[in-house]
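According to numbering that gives the first Met the number 0, the sequence shown holds residues 0 to 401 in order.
Beta carbons are placed, not taken as given, at the ideal position from N, Cα and C, and that holds for glycine.
The structure appears below as structure tokens.
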Amino acid sequence: MTPEDAAVKPEAAAVKPKDAVPMPQDAATEPEDAGVAPPETFVKKASVRLSDGRELIYFGESAAWAAGYPDLRELGALGASSQVRYDPLLGEWVIIAGHRQGRTFLPPPDHCPLDPSAPGRLTEIPAPGYEVAVFENRFPSLLAAAGDAAADQPGLLATRPGNGRCEVVCFSQDHSASFADLTHDQAALVLAAWIDRSAALAALPGVEQVFCFENRGEEIGVTLSHPHGQIYAYPFITPRTTRMLAMSGQHQRDTGRNVFDDVLAAELADGSRTVIAGEHWAAFVPHAAHWPYEVHLYPRRRVPDLQSLTATERSEFCDVYLDLLRRFDRLFDTPAPYISGWHQAPVHAGRQEFALHLELFTIRRASGKLKHLAGSESGMGAFANDIRPETAAATLRELVAG
Ligand SMILES: [Zn+2]
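Right, here's the structure in full:
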């Protein structure tokens, strides 16, 4: 099933849910107030509230069923606070969220908070099974009620409330799986959730940019091994996007052309760093890669955000992305730790020129060896990469179908 099928013919999307997800025999037990999404959202979903008021959204065929299970925990109030402070030398905002020190750190597998709930073992997911689940982070860096924007402290040392939202995206109920283990249809459901959440968070007051990303592996600092990603909705345009937009504007003034279009065309014409050239997507190691193994994945048609992708583009993305992740899994003696993130146009700026793309990279440069951000990188922002981008691309190309 492709997202297109699900969107155009909702009745035809009634494939059986994933085998591992228990389903009620009687659909009449579905609660009426489960918040089932209208068909125009392209995906079946249902929203509930956890006992501390946070929102949880199930996606997939089992969504309305899963939403029938209430959160039986008695969670205390969040007590979280967040602010953003302006760095006047670099012209960028920094999130200050002092409450996050107490968050869960690598719990034993039988205490994983992202597993489905079971009798005597209540987790963040009240249902006994799910396909994809998204919920508000209990330890957010940014939160909707962080404060009134009128409380801005202006001037050189500007401070604002850290308004925004942080969500956790559970890719699968299977604790031991990784994104690379997902089927095409499971990946398509995660993509549908990213699209849905990106649109919903962009519509929140004060949100300027939405970032969907995954940190994978303990070396990256992941505190939970369950397959999951995160979504940050920022009250500002992030420093990297600000810089990309500035460079895009300069290139437009200098050449009359779009820098994202020109880079993609130049990389494909050169070819030495191309990893996968699909019909609708192209993946390459950038000419000036910062990381040992770094791949940028672009739709060939320039679009500002995930919502703008056609059903055909969404479907091919799943194939290409799963292929890339499986190559990363085989780069070293154990699966590569990685960071993967969607670069989308900001909510209110740069939508004409920005090009949606995904950046995937590992900090591992060889089995057992990590690239550390030491003096030059951390102190000066000047990267030194130990692996030639052409070599990295050749290695990734050769890892086909292992
Ligand atoms: Zn788990």
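Indicate the three-state DSSP secondary structure (helix, strand or coil) for residue i in the structure shown.
| i | result |
| --- | --- |
| I236 | coil |
| H347 | coil |
| V294 | strand |
| P118 | coil |
| C165 | strand |
| A96 | coil |
| R196 | helix |
| H371 | coil |
| Q185 | helix |
| D322 | helix |
| F58 | strand |
| F327 | helix |
| P160 | strand |
| A310 | helix |
| R396 | helix |
| G378 | helix |
| L190 | helix |
| D304 | coil |
| E135 | strand |
| T361 | strand |
| V289 | First, the residue type needs correcting, since residue 289 is His and not Val in the sequence shown. Correct three-state label for H289: coil. |
| H110 | helix |
| D86 | strand |
| A66 | coil |
| A76 | coil |
| K8 | Residue confidence for K8 is low, a pLDDT of 36 falling below 50, so the modelled location carries little weight; the figure read from the coordinates is stated next. K8: coil per DSSP, three-state reduction. |
| E91 | strand |
| A179 | helix |
| A391 | helix |
Could you check if residue i is buried or exposed, using at least 16 other CB atoms within 10 Å of its CB as the buried criterion?
| i | result |
| --- | --- |
| H286 | exposed |
| M243 | buried |
| R252 | exposed |
| L88 | exposed |
| S140 | buried |
| G255 | exposed |
| F474 | For residue 474 there is no data in the structure shown, the boundaries of the chain being 0 and 401. |
| H295 | buried |
| E166 | buried |
| G75 | exposed |
| Q185 | buried |
| S271 | exposed |
| E312 | buried |
| A381 | exposed |
| P345 | buried |
What whole-angstrom Cβ distance do residue i and residue j have, given they're in contact under 8 Å?
| i | j | result |
| --- | --- | --- |
| S171 | P226 | 5 Å |
| P336 | G228 | So it is not a contact: roughly 14 Å between Cβ atoms. |
| E218 | L369 | 6 Å |
| V83 | F331 | Actually they are not in contact, since the Cβ atoms of V83 and F331 sit about 37 Å apart, beyond 8 Å. |
| D195 | K44 | 7 Å |
| I275 | A264 | Not quite, the Cβ-Cβ distance comes to about 16 Å (not below 8 Å), so this is no contact. |
| F168 | V133 | As written in the sequence, residue 168 is Val, which differs from the Phe given in the question. Indeed they touch by this definition, with Cβ atoms about 5 Å apart. |
| G128 | S224 | Actually they are not in contact, since the Cβ atoms of G128 and S224 sit about 19 Å apart, beyond 8 Å. |
| P291 | N214 | Going by Cβ atoms, the distance from P291 to N214 rounds to 17 Å, so no, they are not a contact pair. |
| A392 | V284 | 4 Å |
| P130 | L188 | Note on residue identity: the sequence assigns Glu, not Pro, to residue 130. Confirmed, Cβ separation roughly 6 Å. |
| W193 | W92 | Actually they do not touch by this definition, with Cβ atoms about 24 Å apart. |
| L321 | A176 | Their Cβ separation, rounded to whole angstroms, is 12 Å, which puts L321 and A176 out of contact at 8 Å. |
| L357 | S339 | 6 Å |
Examine ligand 3 and report whether any of its heavy atoms sits within less than 7 Å of the Cβ of residue i.
| i | result |
| --- | --- |
| L113 | With respect to ligand 3, the structure shown offers nothing to examine, as its ligands consist of ligand 1. |
Measure the C-alpha to C-alpha separation of residue i and residue j and round it to an integer number of angstroms.
| i | j | result |
| --- | --- | --- |
| C317 | G154 | 46 Å |
| Y231 | E278 | 30 Å |
| Q208 | A191 | 18 Å |
| I95 | A157 | 13 Å |
| H110 | R396 | 39 Å |
| P160 | L200 | 17 Å |
| L267 | T273 | 7 Å |
| L324 | G52 | 35 Å |
| D86 | Q152 | 13 Å |
| L55 | R48 | 6 Å |
| L415 | R301 | Because the chain here runs from 0 to 401, residue 415 falls outside it and cannot be looked at. |
| Q249 | Y57 | 43 Å |
| R299 | A65 | 37 Å |
| P38 | F138 | Caution is warranted here: a pLDDT of 36 is assigned to P38, below 50, making its placement in the model unreliable, and the coordinate value is therefore given only provisionally. So the alpha carbons of these two residues sit roughly 32 Å apart. |
| F212 | G119 | 32 Å |
| G59 | Y68 | 16 Å |
| F259 | A198 | 23 Å |
| E329 | R387 | Checking the displayed sequence, the identity of residue 329 turns out to be Arg instead of Glu. Near 19 Å, if we compare the C-alpha coordinates of R387 and R329. |
| M379 | A63 | 50 Å |
| S80 | S377 | 27 Å |
| T333 | V399 | 17 Å |
| A202 | T390 | 42 Å |
Hey, which unbroken runs of the beta strand (DSSP E) at 3 residues or more fall wholly within the region 199 to 286? 208 to 215, 227 to 233, 273 to 276, 280 to 283
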